[in-house]
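Student: Residue numbers (our numbering): 17 to 223. Glycine residues also receive a C-beta, built at the ideal position from the N, C-alpha and C atoms. Just so it is clear, the structure is predicted and the values come from calculations on it, not from any experiment. Dropping the structure in here first, questions after.
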């Protein structure tokens, strides 16, 4: 490796972006070349100063101005469903301590409405729903019997009816909603953990 190549790789080296073989060649050259070694040290000092500088917040309207300029230049375009993007931005702009409870409440509401509609004609319980389901199975059983194929499907129909009735006797709508809430909390927690920013492993930030 010559000095010209080493100088072109200095920033990549300090940021930890060189492949192992290329990095080894760079290190070997720098240890043998005093000029390149001095330049690497200067670059490292610059990066250290940049790292230690305080982070400044941009002006509030800077992002709007940049986006307006990009729109005017035709470099970016409005999304196909801008309203969906706006709703998503508004949602994720809500603080986490408010967003998660709100999501859980909306989930409960969304789940409760269909459950309430289903149970409204079944005496308000899953046992009633099971009875309605059993009636439907009996109707299907009768239809199959009229086709002369009941012998083949009878065991499956009986098992399905027994299992559904047994589950309905012990499970309430509240338990279903609670299970849905727990599942939603687990999914949201996993999503939050996955989106959590991981610290950079680049050498530039670990000087």
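(1) Would you be able to state if there are at least three C-beta pairs under 8 Å between the segment 38 to 52 and the segment 18 to 30?
(2) What span of residues does the alpha helix (DSSP H) with residue 38 cover, start to end?
(3) Below 8 Å on the Cβ atoms is my guess for residue 26 versus residue 59; work out the distance and round it to an integer in Å.
(4) Cα separation between residue 110 and residue 28?
(5) Does DSSP put residue 26 in a helix, in a strand, or in coil?
(6) Give the range of the alpha helix (DSSP H) segment to which residue 78 is assigned.
(7) Do residue 47 and residue 55 have their C-beta atoms closer together than 8 Å?
(8) Closest to residue 64 by C-alpha separation, out of 30, 121, 119, would be which residue?
Tutor: Once the coordinates are examined:
(1) A contact exists between the segment 18 to 30 and the segment 38 to 52.
(2) Taken as a continuous stretch (DSSP letters only), the alpha helix (DSSP H) holding residue 38 covers 36 to 48.
(3) Yes, they are in contact, since the Cβ atoms of residue 26 and residue 59 sit about 5 Å apart, within 8 Å.
(4) C-alpha separation (whole angstroms): 38 Å.
(5) DSSP places residue 26 in helix when its eight states are reduced to three.
(6) Looking at the DSSP string, the run of the alpha helix (DSSP H) that includes residue 78 is 78 to 88.
(7) The criterion of a C-beta distance shorter than 8 Å is not satisfied by residue 47 and residue 55.
(8) Minimum Cα distance to residue 64 is reached at 30.
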